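As structure tokens, the structure follows; a few thoughts come after it.
In this note's numbering, the protein residues as written are 2 to 175.
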């Protein structure tokens, strides 16, 4: 649809089919004066995000994890197979207070997902790392999510998926 001072106007012959919720949202933003292409991108990204966010919320509930728990598991897993971190670093990465992180680590340790040990280089500091159970849970969750994420991207062929990735990375780099 093209935007004019009189509001959105179809660029093709009028259709008798009703507008989808997505198209209605784009038309509404465009009618308010927003750029149509920008709104198509932003609205589409928002819809994809919501779809994935709903899945992640359900997945975390199934795994009996809170979002913050996942943030800890993810931060540790991304350190590599033997990676570890400090509670204060995990608090910084996850944007929570040190006391909140201590409580979260206590709960994760009770479940056998993380373990804490004294840092041999600085005995006043502790190191946290995933247990084998924690790493297995992380890997399982990633594989489950990958199936759903792949379904979301399935309408795009491999070339278009790479192109989309390149374009989004270009946006992130700007």
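By construction, the Cβ of each residue, glycine as well, lies at the ideal position given by its N, Cα and C atoms. Fair warning: this is a prediction, and the values are worked out from it, not measured in the lab.
Whole-number beta carbon distance between residue j and residue i, since they are thought to touch under 8 Å
i: residue 135; j: residue 97; result: Not a contact, Cβ separation roughly 19 Å.
i: residue 157; j: residue 165; result: 6 Å
i: residue 142; j: residue 64; result: 6 Å
i: residue 27; j: residue 41; result: 5 Å
With 16 other Cβ atoms within 10 Å as the buried cut-off, status of residue i
i: residue 88; result: buried
i: residue 102; result: buried
i: residue 38; result: exposed
i: residue 151; result: exposed
i: residue 129; result: buried
i: residue 105; result: buried
i: residue 155; result: exposed
i: residue 62; result: exposed
For residue j and residue i, the rounded distance between their alpha carbons
i: residue 29; j: residue 77; result: 43 Å
i: residue 160; j: residue 174; result: 21 Å
i: residue 1; j: residue 131; result: The question about residue 1 has no answer here: the residues shown for the chain are numbered 2 through 175.
i: residue 100; j: residue 90; result: 12 Å
i: residue 66; j: residue 145; result: 15 Å
i: residue 94; j: residue 56; result: 23 Å
i: residue 59; j: residue 53; result: 10 Å
i: residue 22; j: residue 44; result: 10 Å
i: residue 85; j: residue 168; result: 33 Å
i: residue 108; j: residue 36; result: 47 Å
i: residue 92; j: residue 51; result: 26 Å
i: residue 139; j: residue 34; result: 45 Å
i: residue 124; j: residue 137; result: 29 Å
Residue-chain proximity (residue i, chain C), Cβ-Cβ < 8 Å
i: residue 36; result: Considering every chain present, this structure includes no chain C. It has just one protein chain.
Residues near residue i by beta carbon distance below 7 Å, same chain, minus five either side
i: residue 126; result: 87 and 120
i: residue 49; result: 153
Own chain partners of residue i with C-beta closer than 6 Å, once the 5 adjacent residues on each side are dropped
i: residue 163; result: none
i: residue 8; result: At residue 8, the pLDDT of 47 sits below 50, so the modelled position is not reliable; the number obtained from the coordinates is stated separately. Closer than 6 Å at Cβ, skipping near neighbours: 32.
i: residue 149; result: 56
i: residue 24; result: none
Heavy atom of the ligand NAD within 7 Å of residue i beta-carbon
i: residue 149; result: This structure does not include the ligand NAD; it has no bound ligands of any sort.
Cut-off 8 Å between Cβ atoms - residues of its own chain near residue i, not counting five sequence neighbours on either side
i: residue 147; result: none
i: residue 83; result: 130
Given 8 Å, three or more beta-carbon pairs between the region 72–80 and the region 100–119 = yes
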